[in-house]
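Residue numbers (the numbering used here): 61 to 643.
Glycine included, each C-beta is placed from N, C-alpha and C at the ideal position.
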Amino acid sequence: MELTHTGVNIHWSTALQERKVSIDIETPVDLRIKLGRIVDMLRVINMAALATEAEHGGGGERGGMSVVKLWATAYKMRKKGDLRKAEDCLPLEPQPFHEALRILVDLGYYDAYAGVAEGPIKSRRPYSLRNCDVRQAPNKRALWHIVSRGKRAMSPSCFPVQCPNEAVMVIFKGHLSENLIDTAIREHIRATFDLAQSERVFRAFRSFAHTYNRLREERQRNIASTFVRIPVSALLAAFSSDLQKEDFIDPRRAGQLARAFIEIALCVGILWRDRTLYDHLTLVTPCDYQWLLSTLFGLRTSMGELNRIFFGGILLPGSSQIPERWEGDRRDQELVSSLAAMVQGESGSGKTTFACHLGFDVVRHGGVCLYLALEQWPNDLQRSFYGFGWLPEKGMFDYLGPSSIAPRQTAEEAGDPEEDSGSSYETRYFRAFQRQVARNHVERKGVFGLMPIRPRSWQQLRKWIDSFLEIEALQNYPISILVLDPFNAFIVLADPPPEFSGKLSSENAIVSTELGHWIRAATSDIFEAAKATNVNILMVCEGGHMQDREISHITNTSDLVFSLHRANLGFQDPNVTEAGFHA
């Protein structure tokens, strides 16, 4: 087996391939806790490796890292705020600390040896990780230490730095897809360093990217080499200094943000571990600011080509609604992470499939999606859900379809004081959906709701939309989205507003124009209502903006537009489509 890590090939033995790591995961909360602790342990190992020389003694081929040194590093990180004290973060108590290390050793990234790291590897005594802890022995010598299994061309004083993505991917690949694991790692790092989508954080990372590229270019000119080496301390100092020149910020916070940039850069592979100097890093590739933000904050979908178009993920922009009065420092105000998006295309171009893709990606990330089918029949959509493998959900989210609600009121509902005996089927469905959203946020499980509705008027449609936006529990989810498919079909079939009733005719161009303005205003109000509650909205429209004036208006007022086209490839299967996207 071969593993590529930071440009170096590592060959593992056949015996290592047979090692298996079993992790009991029953709920998304268990997954989040396990994953967070493994990521933190790798961060602690990396921090210790960049701050201290590895122990190897005389004649040692490879250095080791004592478990006491790791615990001391974790303690310092906790004290500085680089290691949170939360359930999904690495505890400092012996048992869970040891458990996180045991998983990495069992996986084969490290070997455990008794005592301090002295002499050749073959002369060291293997250490059993059963019933051990991280406390220090009375003679002040380490009880045990770890050694990397990778046979890398490194100085013995250099302990290898691991990319958290790779080890976590191996451990959790059976529970989550690759893009969801990457997203979970980024969410954990964002939470650790309190990286909210705020103007100040965006400005800080723009400054870091500029400093990183400047240092790389300057040192490349001096040494005429592709790769640039720099001490970790010098890199941190340059980041903090340049940031404080551009934006007055507390030095402690500046240092924390700089440390976050380095850890993220190690994850995405633009920073490597130097092979000869333990406290140096290699600036491998330039840092693109837009790519960095999209990778860190963007929503990674299950469509690889779409992720690449958006530099790694769809970055949700700020809202168009800005309070008239800002409380406190304006630079600290968080951006509203919601957008109004539109999917347009001719019949058969894959608009509904694309919208469903995005909806299921949202709920896999622990979010909420309510899909209001304004024209399609639910059985057709549900067949697609199973055909594409979106269902069953494997416990990562809950699916609430039309068949989840009994056609008639059940005895349990009849005894519920909130349930009216005359409640319609749609009303009872929505109440069940609302209760599911309120329950799931505790376990951080996503919710996907599918409901076919046939509103005859704008008032009926707006009632559904407002009812969804008024669910208070949505604020506890990382992301939520409302899908209307197809929206322009509703525009054509809906009854005109009362003020236009009886006035419409093919010859009355003035009234027709006024109705068009009214529809545009109503659509804009829907967009603004969604943004005001921090909810994303996706409208699916059939046709092109060049042929339909209403679609043209929706296109012009949307934050993001996906335009899908059928591919003309000769003898192509009529059911196969190719999508082109633009923003």
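N-terminal and C-terminal residue of the beta strand (DSSP E) that residue i is part of
i	result
Met511	506–512
Tyr459	457–460
Gln404	400–405
His501	His501 -> not in any beta strand (DSSP E); alpha helix (DSSP H) instead, spanning 485–503.
Thr345	Premise fails: Thr345 is in no beta strand (DSSP E) and is neither H nor E.
Ala433	428–433
Ile541	540–545
His425	It is not in any beta strand (DSSP E) - His425 carries neither H nor E in the DSSP assignment.
Ser444	Unbroken run through Ser444 is the alpha helix (DSSP H), 438–447; no beta strand (DSSP E).
Ala160	Element bounds for Ala160: not the beta strand (DSSP E) but the alpha helix (DSSP H), 154–167.
Proximal residues to residue i (C-beta, below 7 Å), its chain only, five neighbours per side dropped
i	result
Arg138	Lys145, Leu152
Gly414	Contrary to the premise, residue 414 reads as Phe rather than Gly in this sequence. For Phe414, where only same-chain residues beyond five positions count, the Cβ hits under 7 Å are Val403, Phe622, Leu624, Ala639.
Pro557	Trp518, Trp578
Val328	Thr355
Asn367	Arg360, Thr361, Gly373
Thr271	Ala298, Phe299, Asp302
Ile614	Met402, Thr583, Met599, Cys601
Asp392	Because the pLDDT at Asp392 is just 46, under 50, the model does not fix this residue reliably, and the point stays unresolved.
Ile181	Glu121, Arg122, Val207
Integer Cβ distance of residue i from residue j, believed to fall under 8 Å
i	j	result
Ala589	Leu529	6 Å
Ser126	Glu115	6 Å
Glu435	Pro346	Incorrect: roughly 47 Å between the Cβ atoms, too far for contact.
Tyr170	Arg209	6 Å
Ala320	Ile241	About 19 Å; that fails the 8 Å criterion.
Leu102	Pro224	4 Å
Own chain partners of residue i with C-beta closer than 6 Å, once the 5 adjacent residues on each side are dropped
i	result
Asn596	Ser398, Leu399, Ile541
Val423	Cys429, Phe457, Gly506, Phe508
Leu544	Leu432, Met599
Ala533	Val497, Ala498, His501
Glu178	Gly117
Glu384	With a pLDDT of only 38 at Glu384, under the threshold of 50, the placement of this residue in the model should not be trusted; the figure read from the coordinates follows. No residues qualify anywhere along the chain.
Leu521	Pro515
Arg97	Leu150, Ala160
Own chain residues within Cβ distance below 8 Å of residue i, not counting five before or after
i	result
Gln280	Thr286, Val288
Glu247	Pro538
Asp334	Cys218, Arg289, His340, Leu341, Thr342
Val89	Glu503, Arg504
Glu306	Arg263, Ser267
Leu451	Gln442, Phe445, Tyr459
Tyr349	Phe265, Arg266, Ala269, His270
Tyr338	Ala109, Leu110, Thr112, Glu113, Ala114, Ser215, Ser217, Cys218, Phe219
Ser261	For the record, residue 261 in the displayed sequence is Val; it is not Ser. Same-chain partners within the cutoff: Leu255, Leu317.
Backbone CA spacing between residue i and residue j [nearest angstrom]
i	j	result
His625	Cys601	13 Å
Tyr459	Gly509	6 Å
Ala492	Lys129	52 Å
Val207	Arg499	45 Å
Phe448	Leu553	31 Å
Asp142	Thr243	19 Å
Gln257	Phe265	11 Å
His158	Leu91	18 Å
Ala318	Lys94	26 Å
Leu189	Ile245	26 Å
Lys523	Ile586	11 Å
Asp619	Glu406	21 Å
Phe253	Gln316	7 Å
Glu226	Pro515	49 Å
Gly388	Lys140	Model confidence at Gly388 stands at a pLDDT of 41, short of 50, so the residue's coordinates are unreliable; what they give is reported in the following sentence. Their Cα atoms are separated by approximately 26 Å.
Gly358	Val228	20 Å
Glu559	Leu236	53 Å
Ser463	Tyr187	56 Å
Tyr489	Gly426	21 Å
Boundaries (first-last residue) of the alpha helix (DSSP H) holding residue i
i	result
Val128	127–140
Leu90	It should be noted that the sequence gives Asp, not Leu, for residue 90. Asp90 -> alpha helix (DSSP H) spans 88–111.
Ser301	292–306
Arg122	Counting along the chain, Arg122 falls outside any alpha helix (DSSP H), and DSSP gives it neither H nor E.
Val600	No alpha helix (DSSP H) contains Val600, which is instead part of the beta strand (DSSP E) from 596–602.
His116	No alpha helix (DSSP H) contains His116, which DSSP labels as neither H nor E.
Leu521	518–529
Arg333	Not the alpha helix (DSSP H): Arg333 falls in the beta strand (DSSP E), residues 331–333.
Val228	224–232
Phe253	That residue, Phe253, is in no alpha helix (DSSP H); it is neither H nor E in DSSP.
Cutoff 8 Å: residue i Cβ touching any chain C Cβ
i	result
Thr412	Of the protein chains in the structure, only one exists, and it is not chain C.
- Within the chosen definition, does the region 308–322 reach the region 230–240 through at least 3 CB pairs nearer than 8 Å? Output reads no: the region 230–240 does not touch the region 308–322.
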